[in-house]
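Q: Chains A and B, in that order, give the protein sequences.
Each position in the first sequence, counted from 1, maps to that position plus 495 in our numbering.
With the first letter of the second sequence counted as 1, position 124 gets the number 108 in our numbering; the numbers rise by one all the way through.
One structure, as structure tokens, below. Some questions next.
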Amino acid sequence: MATTPAEPRSSEPKTNHIGLTVIDYKGGKTTLCAGCGHNAISERIIEAMYDMGVKPERVAKLSGIGCSSKSPAYFMNRSHSFNSVHGRMPSVATGAMLANRNLIALGVSGDGDTASIGIGQFVHLMRRNLPIIYIIEDNGVYGLTKGQFSATADLGSKLKSGVLNDLPPIDTCTLAIQLGATFVGRSFSGDKRQLSTMLKAAIAHNGTVMLDVVSPCVTFNDHEGSTKSYKYVKDHEETLQEMSFVPHFEEIDVEYDPGTTVNVTMHDGSHLRLRKLEEDYDPTDRIQAMTRLTAAHDKGEVLTGLFYVNTKAPSFLDMLNMVDEPLATLPESLTRPGRQVLEAAMEELR
Amino acid sequence: MATTDVAPQGTGGQLGRKRIVNDMSIQVATVNGSGSQSSNTVLLRAIFQMGVPVSGKNLFPSNIAGLPTWYTIRANKDGYVGRKKEIDFLVAMNAETAQDDVMSLAPGASVLYDEPLALDKLRNDLIFYSVPYDKLVAAVCPEAKLRKLVKNMVYVGVVAQLLAIEMDEVEKAIRKQFAKKVKAANLNLAAVRAGFDYAKASLQKRGAFYIERMDETAGKIIIDGNSAAALGCMFAGCTVVTWYPITPSSSLVETMIEYMKEYRIGPDGKATFAIVQAEDELAAIGMVIGAGWAGARSMTATAGPGISLMSEFAGLAYYAEIPGVIWDIQRVGPSTGLPTRTSQGDILATAFLSHGDTKHIMLIPNSAAECFSMASEAFNLAEQFQTLVFVMSDLDLGMNNWMSDPFEYPTTPIKRGKVLSKEDLTKLGGFARYKDLDGDGVGYRTLPGTDHPAAAYFTRGSGHNDKSNYSERPDDYEDNMERLNRKFETARSFVPRPEILKGANAKIGIIAYGTSHWGIIESRDQLRNEYAIETDYLRLRAYPFTREVHEFIEQHERVYVVEQNRDAQMLSLLKLDLKPELIARLRSISHLDGLPLDARSVTDELSTMEGK
């Protein structure tokens, strides 16, 4: 009975390849400080999830405690989220993925939550190669408790009060590579293009993605003498590659020169293209990655890029050899063996 | 060869005439790591197969090899399977402890010892039997390497002959023990026969103790509580197990791995479960909570130190309302304490585990059968009430061998609690995670991955309103805490009810729980027979306390709360629950030595407190 002609298409909002608008990926209003790097990261997450056409209902957002860990409330309201306890998000994420292997786990942590209180769970998450995107929103200080150093603060970095950090930093990327994470990189909250590309590739990866994103704390660690300030990062950033990403649902139309560009075919068929800015760097070589990271520290560089990728290693879930459907929703017929099984077990004990 | 046997002086003549049948405890003192476990199991099973009620308790050191260990088998015609304080028959295989072991025996007990130890010189009021083990073993075991292990089988033969345990049953028990290893079975059987033949030819029976065939064990099984719990969890539909090894809980998960591999892997080779060894107890419970949040039936097993570590996460699960099952196989604390001894010392800490106003449901099994059945109850309660449920077993129950009726197949279906599906959400349009729609304090939840735009909610351990949004409002906080309390009150009517055993017009009540049960039922008979004290008995099976507990205390002038800890922990919980006038009726009997509770200790203390 509709006689009204269709509205002109131009007024309809843009949608991604699963028919959702960017609004469908929005979260609550942020309560972090204006200019906080974490808000920029939330924006990039929304962008990447939208561009990749990830159904928000498939995503589980997980976090620990701290400013960074609050941020899952500020993106993707249509995804379940779990703001757990300080430094223990990795175990909660692991449990969630055991229960439902079809989820896409997105963990958001901070430098204190990961490298100080959470270092124990962090290293074990890395060695399991659980499918998860683990983001460290790294500003070198505790924001919520007003600016104490965390374990990623650089040697000699200065607090607002003038206190100097006299302990060496933990390099979470080196650790992650050493322990078995299969997609490890560092980016900067201010580098839209690089971070967005890396996040899209992360979504396409099957295994542990560890992204250390330097994300300046405008309130407590953005001053002269800090090594995690906007200015310091801009002045000292060295980038390993220029990245581009071709998702699996798009035709590959850009030619690349294998001499200057590394092509990484991701688990879902997407392609990550890395145009080398350092000629000899091979992101599939763990030892080179760790050597380069160590050199960066010695030179005072903030090295960014994809340090290491391995698309062949089995994930933790692959190794557990579980049924395809989520354990969480298996019917009783599959989880409670029959009477004859109990009878057999009893007979063995008589 | 038997010339070193010494007839007890003084009481010897009388002993010879007395005949005590199917009522004794046999203690084997050895060195751990010497393979005596097989010998002791064979002895236990042989008596069991003769239809005589038995129990086996291993008193072992926190050590892999080289330290003393004692295994006690109690055979009792009346079905008392708790620890008996007195040892009637000592098998002294450990030179290091032999003197102390002998000196601690009551007059009239028998001692079987390795000839070179010459223990018969120590006392003249015991019955001694010496055995030249090395000679006997050398004859049946040409391989010198194996002799140390086979030596322990020789005493099985000697004990069998002296106590009149049937050799056919011993052989059957050996065949079962070494089911797939025929050569080992034959070698061990030869050693048993060597011991039996030696005893027959060379030892003159003078003790009073005999095993005679009965018919009290037909159809029964022998199992430890941890294995029973493992089976129970498998049949409870558990899908995720995360754990960190700790004595005495490790064998629960290790046994479960075996059962799950056998019965929960489909024809396609795919598992309907995931079992993950975590890096510590913090991670173990974190995984339980993550999995419970995402909808799995998840569990871990631990002991006191693990419970302490889980404290922060336990509060998160309470406040964010996430199901999970934690088995606490209690051992002796504080701190590392005595890792291989039993206790009920985690009750109070677990009831309120974590900071803030936190409280938890606890189930307390007393037997292997309850370890099995409470597994299903624990998972159903955890999901029904969206909270952790702690199952408070202990080392005595978990690691020792218990006789049991075969377990009954669960009759209650798996209940997943209030979980909204995609279809429910389409009908409702949305939901508020912590809204108390039904007045029972329990809200409705959705699982991550539910394919509906209104399914998601934000789970947090920080203050929240009924929509699970962040809130610091005083009224939101208070409403939420009151609702959580309402939920806990609702749980009172759903947790397992106590078991109550009545005496004849008793004015005195006994309250106990867990493995104390076995000492209590025997002690009640002792109190009646020896002191004419009639008692009623209530066995707690859960916290929070049900209505029956209050009624029981109201009905008695004095109520003795018997427990295996120093500080009367359960009594303290009762005090919090009771009307002030009832509190004065409670008396504490505490047992604190790390050994399973024995009846005699309870009888002595209670009768004294009653002025007898």
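In this text, a Cβ means the ideal position worked out from N, Cα and C, and glycines have one as well.
Here the structure is a predicted model, which is why all the values come from computation and not from measurement.
Looking only at its chain, what residues have a beta carbon closer than 6 Å to the beta carbon of B/K2, apart from the 5 residues adjacent to it on each side?
A: A192
Q: B/A185: buried (16+ other C-beta within 10 angstroms of its C-beta) or exposed?
A: The residue in question, B/A185, is exposed, as its Cβ has fewer than 16 Cβ neighbours within 10 Å.
Q: Among B/A214, B/L120, B/T231, B/V479, which residue has its Cα nearest to the Cα of B/V224?
A: B/A214
Q: Is there a C-beta anywhere in chain B that falls below 8 Å from the one on A/S574?
A: The beta-carbon of A/S574 is placed less than 8 Å from the nearest beta-carbon of chain B.
Q: Kindly indicate if chain A contains any beta-carbon less than 8 Å away from that of B/E594.
A: no
Q: Pairing CB atoms from the segment 470 to 480 of chain B with CB atoms from the segment 26 to 34 of chain B, are three or more of them under 8 Å?
A: Contact check between the segment 470 to 480 of chain B and the segment 26 to 34 of chain B: fewer than three CB pairs, one atom from each, fall below 8 Å, which does not count as touching.
Q: Specify whether the segment 167 to 186 of chain B and the segment 11 to 19 of chain B touch according to this definition: at least 3 beta carbon pairs, one from each stretch, less than 8 Å apart.
A: no
Q: Would you kindly report the start and end of the unbroken beta strand (DSSP E) that includes B/L570?
A: Counting along the chain, the unbroken beta strand (DSSP E) around B/L570 starts and ends at 570 to 574.
Q: Could you work out which residues of chain A lie near B/A280, taking near to mean beta carbons separated by less than 7 Å?
A: When 7 Å is used as the limit between beta carbons, B/A280 is near these residues of chain A: L593, A594, L822, A823, in chain order.
Q: Would you report the Cα separation of A/V818 and A/R768, rounded to the nearest angstrom?
A: 34 Å
Q: Counting only beta-carbon atoms, is B/M283 nearer than 8 Å to chain A?
A: no
Q: Compute the Euclidean distance between the alpha carbons of A/I536 and A/S710, then round it to the nearest angstrom.
A: 8 Å
Q: From the beta carbon of B/N469, is the nearest beta carbon of chain A less than 8 Å away?
A: Using beta-carbon distances, B/N469 does not count as an interface residue toward chain A, since no partner is under 8 Å.
Q: List, in order along the chain, the chain A residues whose C-beta lies closer than 7 Å to that of B/P432?
A: A555, H575, A591, N595, L598
Q: Provide the residue(s) that pair with A/H575 in DSSP beta bridges, ordered along the chain.
A: DSSP output for A/H575 lists A/A555 as bridge partner(s).
Q: So, are the CB atoms of A/E552 and A/R573 less than 8 Å apart?
A: yes
Q: Strictly below 7 Å CB to CB, what residues from chain B border A/H619?
A: Residues of chain B passing the Cβ test: E263, A267.
Q: To the nearest angstrom, how far is it from the Cα of B/L566 to the Cα of B/E538?
A: 7 Å
Q: Compare the Cα-Cα distances from A/T647 to each of A/M693, A/I612, A/D606, A/V580 and report the closest residue.
A: A/D606
Q: Per DSSP, A/Y737 forms a beta bridge with which residues?
A: The sequence as given places Glu at residue 737 of chain A; Tyr does not occur at that position. Partner(s): A/R770.
Q: Kindly list, in the order they appear in chain A, the residues whose Cβ is closer than 8 Å to that of B/E446.
A: Strictly speaking, residue 446 of chain B in this sequence is Ser, with Glu absent from that position. Within chain A, the residues near B/S446 are N578.
Q: Measure the alpha-carbon distance for B/T601 versus B/D380 and round it to whole angstroms.
A: With chain B running from -15 to 596 in the structure shown, residue 601 of chain B is simply not present.
Q: Rounded to a whole number of angstroms, what is the C-alpha to C-alpha distance between A/A840 and B/K204?
A: 12 Å
Q: Tell me whether the beta-carbon of B/E518 lies closer than 8 Å to the beta-carbon of B/Y64.
A: No, they are not a contact pair.
Q: With three or more C-beta pairs closer than 8 Å as the rule, is the segment 158 to 174 of chain B touching the segment 45 to 52 of chain B?
A: no
Q: With 16 other CB atoms within 10 Å as the buried threshold, where does B/T226 fall?
A: buried
Q: Quick check: A/K556 and A/M571, are their CB atoms within less than 8 Å of each other?
A: yes
Q: Mind checking if B/W277 is an interface residue toward chain A, Cβ cutoff 8 Å exclusive?
A: So yes, B/W277 belongs to the interface.
Q: So the candidates are A/V741, A/H533, A/E733, A/N634; which of them puts its Cα closest to the Cα of A/T722?
A: A/N634
Q: Say whether chain A places a C-beta atom closer than 8 Å to the C-beta of B/E367.
A: no
Q: Along the chain, where does the alpha helix (DSSP H) containing B/A268 start, and where does it finish?
A: 265 to 277
Q: Does any CB atom of chain B fall closer than 8 Å to the CB of A/Q616?
A: yes
Q: Alpha helix (DSSP H) containing A/I541: first to last residue?
A: 532 to 547
Q: Less than 8 Å between CB atoms is the rule here; does A/R768 satisfy it with respect to chain B?
A: no
Q: What is the DSSP secondary structure of B/M283, counted as helix, strand or coil?
A: strand
Q: When you compare only the Cα positions, how much space is there between A/L515 and A/E542?
A: Between A/L515 and A/E542, the C-alpha separation is close to 12 Å.
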